[in-house]
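Everything below concerns the one structure shown next.
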Amino acid sequence: MQTLYDLPGLRAALEPMRGAGKLALVPTMGALHDGHMALVEEARRRVGPGGHVAVSIFVNPRQFGPNEDLAAYPRREAADARMLLAAGVDILWMPTAAVMYPAGFATNIAVGGISQGLDGAARPGHFDGVATVVTKLLNQVRPDVAIFGEKDYQQLAVIRRLVADLDMAIEIVGMPTQRAQDGLALSSRNAYLTDEERKAALALPRALGEAARQIEKGASVEAALAKAVATLANHGFGPIDYVTLCDAATLEPMTVLDRPARLLGAAKLGTTRLIDNIAVDPA
Ligand code: AMP
153 MQTLYDLPGL RAALEPMRGA GKLALVPTMG ALHDGHMALV EEARRRVGPG
203 GHVAVSIFVN PRQFGPNEDL AAYPRREAAD ARMLLAAGVD ILWMPTAAVM
253 YPAGFATNIA VGGISQGLDG AARPGHFDGV ATVVTKLLNQ VRPDVAIFGE
303 KDYQQLAVIR RLVADLDMAI EIVGMPTQRA QDGLALSSRN AYLTDEERKA
353 ALALPRALGE AARQIEKGAS VEAALAKAVA TLANHGFGPI DYVTLCDAAT
403 LEPMTVLDRP ARLLGAAKLG TTRLIDNIAV DPA
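Numbering (the working numbering), first residue to last: 153 to 435.
What follows is the structure, given as structure tokens:
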């Protein structure tokens, strides 16, 4: 595995790999867990024996709001590198903020529509930061395929829109959310939770799962969502940014389950903001 920190180095390392089978990219912010590693395994599988896998680790300042956890975000580069080496990754791309955003940087990528509700409303500017850095990472690496997690469902939808709109010839693959045995979605931010909060956090996947089952059985969407919100509040979550049923592709809010949908939730538990989502399908 070659670890690169600047663009000339990255380009030189990638050059001999181009044309020699497929190239896959897995963008991350590091503090890797089994959710990230499932993306890496999928990348390996998709490029096959002759292909190559690149993983980026970059904690992107532009996708954090002024009162968010940029400074506290876990950084574990040495352990991350060991995990990626063991997983057979070829390229570890770790640009510094100065490499990504040199003096004079002035471009912003804003994806309309799909990035405006949900986390886009709760975290102003977040998806501009995501879209800008993902555009740069895709241009820097120029992969054939890039893998993202459904854990960040809206992010995946924003990236699909971006890649289609900008005519990027890159296949975007979404991977199912990897969960701890008890059902909590794996997340680098789970490291912030106290033991007590870690137990209470389970209410998020459970409340979403229960609401999804109720809605699939024909219960009123409004009532099922209200019950999920009440369950979260009872377990100490707050503020609750949203618990919403959306069209699975466009993320338009839905009040009746008449097409494939996604139930998405985001709420704070203590100082930690957790998100999760689940498929809801009409019979
Ligand atoms: P992050 O490091 O949090 O920016 O995540 C990097 C990539 O890993 C994103 O595409 C995430 O959606 C994905 N990811 C994070 N957690 C999980 C998980 N529990 N299961 C599947 N993918 C995940």
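All residues carry an ideal CB built from backbone N, CA and C; glycine is no exception.
For L191, the CB falls within less than 7 Å of some heavy atom of the ligand AMP. Distance from the Cα of I367 is smallest, within the candidate group V432, R275, Q268, for V432. Not one heavy atom of the ligand AMP lies closer than 7 Å to the C-beta of G335. If you ignore the 5 residues before and after L409, its C-beta comes within less than 6 Å of the C-beta of I367, P434, all in its own chain and listed in chain order.
Bridge pairing for H204: L175 [DSSP]. Using a cutoff of 7 Å, the CB of S340 counts as near the ligand AMP, since one of the ligand's heavy atoms is closer than that.
Distance from the CA atom of D242 to the CA atom of K288, rounded to whole angstroms, is 20 Å.
Assignment of F300 by DSSP, reduced to helix, strand and coil, places it in the strand class. The Cβ-Cβ distance between K303 and A337 falls below 8 Å. Checking the DSSP bridge columns, you'll see D399 partnered with A413. Of the residues assessed, Y344 falls on the buried side of the cut-off, its CB having 16 or more other CB atoms within 10 angstroms. Comparing alpha-carbon positions, the option among E220, A223, A321, A401 lying closest to Y305 turns out to be A401.
The ligand AMP approaches P179 closely enough that one of its heavy atoms is under 7 Å from the residue's Cβ.
Following the DSSP letters along the chain, one finds D428 inside the beta strand (DSSP E) bounded by residues 424-432.
Listed as beta-bridge partners of A164 by DSSP are no residues whatsoever.
With respect to M406, V373 sits close: the two C-beta atoms are nearer than 8 Å. Below 8 Å, too few C-beta pairs join the region 187-204 and the region 244-258 to call them touching: fewer than three. Shown here, F216 sits in coil according to DSSP, grouped into three states, outside any helix or strand. Separation of Q292 and K379 (C-alpha to C-alpha, rounded to the nearest whole angstrom) is 45 Å. Taking C-alpha positions only, H188 is separated from K369 by approximately 33 Å. If only complete runs of 4 or more residues are kept, the region 306-393 shows the alpha helix (DSSP H) at 347-353, 355-368, 373-386, in order along the chain.
One alpha carbon belongs to F279, the other to T180, and they sit about 15 Å apart. Remark: C-beta atoms of L159 and A165 do not approach each other more closely than 8 Å.
Taking a 10 Å sphere around the C-beta of N386, we find fewer than 16 other C-beta atoms and assign the residue as exposed. In the DSSP annotation of this structure, Q268 is not part of any beta strand (DSSP E), being labelled neither H nor E.
Pairing A376 with V395, the inter-Cα distance amounts to about 10 Å. In the displayed model, A255 falls within coil according to three-state DSSP, outside both helix and strand. Assignment of T407 by DSSP, reduced to helix, strand and coil, places it in the coil class. In this structure, DSSP gives L222 a state outside helix and strand, which the three-state scheme calls coil.
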